[in-house]
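Counting in UniProt numbering, the sequence shown tops out at residue 841, every number present.
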Amino acid sequence: MAATDDPAYVDHPLLVSSFIEQRLYQLQLAETARETDTLVCLPTGLGKTTVSLLVTASRLNSVGGTALFLAPTKPLVRQHIEFYRNALTIPDEDIVVFTGEIPPHKRETLWDDAQIVIATPQVIENDLIGNRISLDSVTHLTFDECHRATGKYAYVYIAGRYHDDATNPRVTGMSASPGGDKEEIVTVCNNIGVSAVEVMTEGDADVDEYTYTTDVEWERIELPDDIIQIRDALNDVIRDRLQQLKSLGVSSTTQPDVSQKQLNKIRGKLQKLIDADNSDGYAGMSTHAEVMKLRRAVELVETQSVESVRQYFERQRNAAQSSGASKASQRLVAEPKVRQSMQLAESFDGTHPKFSHTRILLAQTLGIEGGERVIIFTESRDTVEALTEFLSASFDVQRFVGQNDTGRSDGMTQRQQQETLEAFRAGEFEVLVSTSVAEEGLDVPEVDLVLFFEPVPTAIRSIQRKGRTGRQTEGRVVVLLAEDTRDEAYFWISRRREKKMESELRSLKQSVDTIESSIVPPQEELTTYNHDQSTEMDTKASNTGADTTTKPDSDVSTQGVMNSDEDNQSGITDFAPSDAEVPSTDSKTQSAEEKNNDTGSTDTDTNTDVSKSPPTPDVDTDKDTIEIVVDQRELDSAVPKSLSTRNAVQTRLETLAVGDYVLSDRVAVERKSTTDFLDTLLDTDRSLFEQTGDLVRAYRRPVLMLEGELTALYSERNIEPRAIQGALASLAVDFDLSIVQTRDDSDTADMLETIATREQTSRDRSISVHGEKSAKTLQEQQEYVVSSIADIGPVTAQSLLDFFGTVEAVMIASENELTEVDGVGAVTAGRIRDIVGSDYS
Numbered sequence: 001m002a003a004t005d006d007p008a009y010v011d012h013p014l015l016v017s018s019f020i021e022q023r024l025y026q027l028q029l030a031e032t033a034r035e036t037d038t039l040v041c042l043p044t045g046l047g048k049t050t051v052s053l054l055v056t057a058s059r060l061n062s063v064g065g066t067a068l069f070l071a072p073t074k075p076l077v078r079q080h081i082e083f084y085r086n087a088l089t090i091p092d093e094d095i096v097v098f099t100g101e102i103p104p105h106k107r108e109t110l111w112d113d114a115q116i117v118i119a120t121p122q123v124i125e126n127d128l129i130g131n132r133i134s135l136d137s138v139t140h141l142t143f144d145e146c147h148r149a150t151g152k153y154a155y156v157y158i159a160g161r162y163h164d165d166a167t168n169p170r171v172t173g174m175s176a177s178p179g180g181d182k183e184e185i186v187t188v189c190n191n192i193g194v195s196a197v198e199v200m201t202e203g204d205a206d207v208d209e210y211t212y213t214t215d216v217e218w219e220r221i222e223l224p225d226d227i228i229q230i231r232d233a234l235n236d237v238i239r240d241r242l243q244q245l246k247s248l249g250v251s252s253t254t255q256p257d258v259s260q261k262q263l264n265k266i267r268g269k270l271q272k273l274i275d276a277d278n279s280d281g282y283a284g285m286s287t288h289a290e291v292m293k294l295r296r297a298v299e300l301v302e303t304q305s306v307e308s309v310r311q312y313f314e315r316q317r318n319a320a321q322s323s324g325a326s327k328a329s330q331r332l333v334a335e336p337k338v339r340q341s342m343q344l345a346e347s348f349d350g351t352h353p354k355f356s357h358t359r360i361l362l363a364q365t366l367g368i369e370g371g372e373r374v375i376i377f378t379e380s381r382d383t384v385e386a387l388t389e390f391l392s393a394s395f396d397v398q399r400f401v402g403q404n405d406t407g408r409s410d411g412m413t414q415r416q417q418q419e420t421l422e423a424f425r426a427g428e429f430e431v432l433v434s435t436s437v438a439e440e441g442l443d444v445p446e447v448d449l450v451l452f453f454e455p456v457p458t459a460i461r462s463i464q465r466k467g468r469t470g471r472q473t474e475g476r477v478v479v480l481l482a483e484d485t486r487d488e489a490y491f492w493i494s495r496r497r498e499k500k501m502e503s504e505l506r507s508l509k510q511s512v513d514t515i516e517s518s519i520v521p522p523q524e525e526l527t528t529y530n531h532d533q534s535t536e537m538d539t540k541a542s543n544t545g546a547d548t549t550t551k552p553d554s555d556v557s558t559q560g561v562m563n564s565d566e567d568n569q570s571g572i573t574d575f576a577p578s579d580a581e582v583p584s585t586d587s588k589t590q591s592a593e594e595k596n597n598d599t600g601s602t603d604t605d606t607n608t609d610v611s612k613s614p615p616t617p618d619v620d621t622d623k624d625t626i627e628i629v630v631d632q633r634e635l636d637s638a639v640p641k642s643l644s645t646r647n648a649v650q651t652r653l654e655t656l657a658v659g660d661y662v663l664s665d666r667v668a669v670e671r672k673s674t675t676d677f678l679d680t681l682l683d684t685d686r687s688l689f690e691q692t693g694d695l696v697r698a699y700r701r702p703v704l705m706l707e708g709e710l711t712a713l714y715s716e717r718n719i720e721p722r723a724i725q726g727a728l729a730s731l732a733v734d735f736d737l738s739i740v741q742t743r744d745d746s747d748t749a750d751m752l753e754t755i756a757t758r759e760q761t762s763r764d765r766s767i768s769v770h771g772e773k774s775a776k777t778l779q780e781q782q783e784y785v786v787s788s789i790a791d792i793g794p795v796t797a798q799s800l801l802d803f804f805g806t807v808e809a810v811m812i813a814s815e816n817e818l819t820e821v822d823g824v825g826a827v828t829a830g831r832i833r834d835i836v837g838s839d840y841s
């Protein structure tokens with residue numbers, strides 16, 4: 001059943017008139033989310049973002065403040081910013097984007113004036129740790145694709161800070177696929193701090209009105225003998241390598257269709273051999289790497305295209321010739337049957353049968369059936385390129401890929417992605433060929449056919465793909481399946497997982513009460529810090545001219561909302577049909593309280609050049625507050641996050657030339673885990689003594705903080721204990737370095753706070769960042785120049801310089817002379833001469 005041809009629209013002071021269609025299920029979800037921190041589960045394409053928008057409009061209108069919307073990728077951020085600017089009467093300049101492309105100092109300024117910030121979570125995490133923004137006046141926080149809120153993902157940290165810092169918090173989590181079981185869903189709810197779960201399925205009456213049947217058709221493709229011959233030769237090599245692993249006692253199968261789960265178990269057993277200092281583990285791990293590469297080649301030739309496996313072989317050949325090539329890569333390209341497969345792929349002059357079948361399906365949809373748009377999804381960018389070229393002879397086709405340049409295919413910038421989608425939406429071309437970049441939540445226009453070039457084994461991604469069709473009219477989904485290939489396995493995996501997810505979504509709806517009872521209240525679960533929480537509600541002012549006294553949301557006027565008592569029982573109290581009378585009001589609201597902002601693959605803050613940042617603000621003069629300067633590169637550890645949540649600590653991010661943490665004008669700390677300590681002890685490029693030497697020269701009281709159990713120093717690697725003891729003794733005696741041992745990241749954060757407090761409070765010392773890395777010696781510079789040639793590495797560079805005496809002599813040496821040096825073979829000598837002697841163009 002289709003929605004009415006003349007729908008009613010939601011009317012609200014902050015919403016553009018006749019823009020948001022009035023759908024009862026969205027209003028009901030928004031009402032719950034407005035009153036309670038809520039996880040909203042709604043199938044793809046049915047308006048989760050609209051629900052969040054309605055809550056944002058209500059919160060800004062009733063309590064003011066700022067709304068923060070988090071989305072996991074930059075394309076999603078761009079999509080949401082466009083929707084919000086189109087839907088809201090708030091001026092565009094007050095709805096801002098935060099990604100790593102915006103410099104940190106500019107984000108700090110934008111935050112002060114924005115009413116709505118739409119951002120990637122990593123940038124907000126960095127800005128919170130760096131004390132560039134504060135969440136105190138954020139009155140609505142949305143987590144898009146909130147099923148990501150597990151482990152160390154930035155959503156978890158941000159939610160904890162929000163519930164701890166915000167004066168008047170409200171959280172909305174959104175996902176079409178929140179988790180595989182009750183425990184996963186409860187974990188997500190606890191991690192983002194929601195206490196209510198609202199689920200709508202396509203089977204609900206209110207939702208069914210806006211959905212259409214989208215049947216999935218599985219079309220089987222028979223592979224030609226030429227392709228089977230390539231595959232079988234590769235499978236023979238996989239059997240041989242699995243037999244080698246079986247002889248080591250780590251594999252129980254030699255069948256080439258070994259699953260990824262089985263390979264993971266094999267890897268785990270090999271790691272145990274390595275941990276036991278058994279050399280078989282290292283050899284087996286190299287063989288395991290070969291199997292992984294071979295399986296990928298088989299998958300490409302079976303399910304993608306011969307061109308894609310041809311490109312894959314070429315990359316493996318180039319990798320094997322590089323100076324840092326692994327033994328696995330070298331053995332792979334030298335294996336006779338792999339070379340046979342390479343030759344067969346090179347000589348293959350046809351196309352994969354999926355290509356011709358795709359062309360037939362497009363002709364039926366766009367020609368015979370009069371369709372307008374088709375989207376094709378494939379896992380391989382090589383296949384995107386090949387399909388685009390193949391189909392362009394018959395149809396108007398454009399590609400859609402991610403931003404990264406892969407060396408074999410140019411990426412697409414965000415602007416190019418947006419322009420491509422707008423052109424597709426406007427009907428400027430018929431066929432969009434895309435990798436998975438268009439899957440997760442991107443609002444790809446309604447299409448007549450979604451074609452999967454191969455089955456998708458992950459239920460979430462499959463469901464999101466199918467959400468691209470059947471939104472406004474009957475849609476069609478076709479999956480191409482190559483017979484007797486990995487496609488078959490993925491077919492059954494996908495079918496099993498989707499049925500399981502559908503069942504779980506229905507079960508979730510039935511067990512909402514049980515789940516909600518298992519959720520820990522946000523302040524108990526997430527507020528683990530010692531901040532003083534004010535119980536007084538922050539009073540927000542509005543430019544609407546209304547009473548500025550803050551009201552609970554439930555007190556918002558219900559004037560003109562519904563036409564019957566029965567409808568009013570649904571609890572919808574803030575949004576009205578467009579023909580209802582509403583008080584005249586200004587659209588822009590703001591917080592009366594000044595925001596206190598103290599000092600950015602799948603988004604990472606790339607603007608970290610501190611020399612371009614504004615002057616560092618003064619430290620709070622309150623003696624109970626101390627400041628710690630944190631190096632940007634420490635953000636991978638949990639220490640900066642822990643410090644940033646402490647009431648007495650103010651963190652600031654910089655790119656430090658020396659040390660990891662600066663605690664005063666005389667104390668800086670180099671933090672090393674036991675693993676990192678051993679890495680820098682052995683690494684000639686990241687010398688432990690070079691790093692600590694710079695630290696000692698720059699600060700009067702340098703500290704090495706060694707994190708982890710000391711026994712791990714002597715058990716992680718096969719290193720003579722006396723060598724480790726000698727290094728520690730040299731650091732303490734020769735370098736006059738204080739060595740402090742901590743148990744874990746929490747203990748490290750405690751110790752940093754303790755030292756900083758003693759320095760800044762007890763001794764009244766100030767923060768001062770100074771020091772620079774020492775310049776390389778002449779010998780080091782000579783080694784650096786030679787080692788950069790053809791990526792030959794520092795050891796070979798030293799051998800060349802020892803043999804020839806000068807950099808100049810290395811440069812002018814002939815191939816025969818170069819091969820006389822230990823470690824330099826004919827291939828390396830040839831590459832050196834090619835680089836040194838070739839014309840520059």
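Think of the CB as a built atom: it goes at the ideal place given N, C-alpha and C, for glycine as much as any other residue.
Glu720 counts as exposed, since fewer than 16 other C-beta atoms from the protein chains shown sit within 10 angstroms of its C-beta.
Annotated three-state conformation of Gly281 is helix, per DSSP.
Close CB contacts of Ala797 within its chain, under the 6 Å cut and outside five residues either way in sequence, are with Glu783, Val786 and Ser787 (chain order). DSSP places Thr674 in no beta strand (DSSP E) but in the uninterrupted alpha helix (DSSP H) bounded by Thr674 to Leu682. Counting along the chain, Ala119 sits inside no alpha helix (DSSP H); it lies in the beta strand (DSSP E) bounded by residues Ile116 to Ala119. The segment 356 to 375 makes no contact with the segment 322 to 337; the number of CB pairs closer than 8 Å stays below 3. Cβ neighbours of Asp232 within its own chain (closer than 6 Å, five residues either side excluded): none. When secondary structure is reduced to three states using DSSP, Val194 falls in the coil class, being assigned neither helix nor strand. A straight-line Cα-Cα distance of about 20 Å links Pro336 and Glu302. In the three-state scheme derived from DSSP, where H, G and I count as helix and E and B as strand, Thr742 is classed as strand. Put simply, the backbone Cα of Gln304 is about 11 Å away from that of Arg296. Inter-segment contact for the segment 475 to 489 and the segment 160 to 180 is absent: fewer than three beta-carbon pairs are separated by less than 8 Å. Given a length threshold of 3 residues, each whole run of the beta strand (DSSP E) inside the segment 54 to 80 is given here in chain order: 66 to 70. In terms of CA proximity to Leu234, Val298 leads the group Val298, Thr49 and Glu125.
Separation of Leu481 and Glu379 (C-alpha to C-alpha, rounded to the nearest whole angstrom) is 14 Å.
Across the set Asp127, Val194 and Gly130, the C-alpha of Val194 shows the shortest separation from the C-alpha of Glu516.
Between Glu670 and Leu635, the CB-CB gap reaches or exceeds 7 Å.
Taken in chain order, the whole beta strand (DSSP E) runs of length 3 or more contained in the segment 121 to 155 are 138 to 144. For Leu273, the CB contacts under 6 Å within the same chain, skipping 5 residues up- and downstream, are Asp280 and Gly281 in chain order. In the three-state reduction of the DSSP assignment, Asp764 falls in the coil class, being assigned neither a helical nor a strand state. Each residue's CA atom was taken as its position, placing Leu653 and Tyr84 some 31 Å apart. Scanning Ile221, Asp181, Gly708 and Ile266 for the CA closest to the CA of Arg743 turns up Gly708.
Residue state for Val478 is assigned as strand, using DSSP reduced to three classes. Exclusion of the five residues before and after Thr754 leaves no residue of its chain whose Cβ lies closer than 8 Å to its Cβ. Trp111 is classed as buried because its beta carbon has at least 16 other beta carbons within 10 Å across all chains shown.
Pairing Leu70 with Val51 gives a Cβ-Cβ distance that is not under 7 Å.
A check of alpha carbon separations from His105 across Thr89, Asn131 and Gln115 identifies Asn131 as the nearest. If only uninterrupted alpha helix (DSSP H) runs of at least 4 residues are considered, those enclosed by the segment 286 to 358 are 306 to 321, 327 to 334 and 336 to 347. In terms of CA proximity to Arg381, Gly411 leads the group His352, Gly411 and Phe395. Taking a C-beta distance under 7 Å as the contact criterion, Arg765 and Ser664 qualify as a contact pair. For Ala638, the closest of Ile129, Gln26 and Cys146 by C-alpha to C-alpha distance is Ile129. Note on Ser62: 16 or more other CB atoms within 10 angstroms of its CB, so buried under the neighbour-count rule. Straight across, the Cα-Cα distance linking Leu643 with Gln316 is about 45 Å. Per DSSP, reduced to three states, the secondary structure at Glu222 is coil, with no helix or strand assignment. In the three-state reduction of the DSSP assignment, Ile90 falls in the coil class, being assigned neither a helical nor a strand state. In this structure Val306 is in contact with His352, their Cβ atoms being roughly 6 Å apart against a cut-off of 8 Å.
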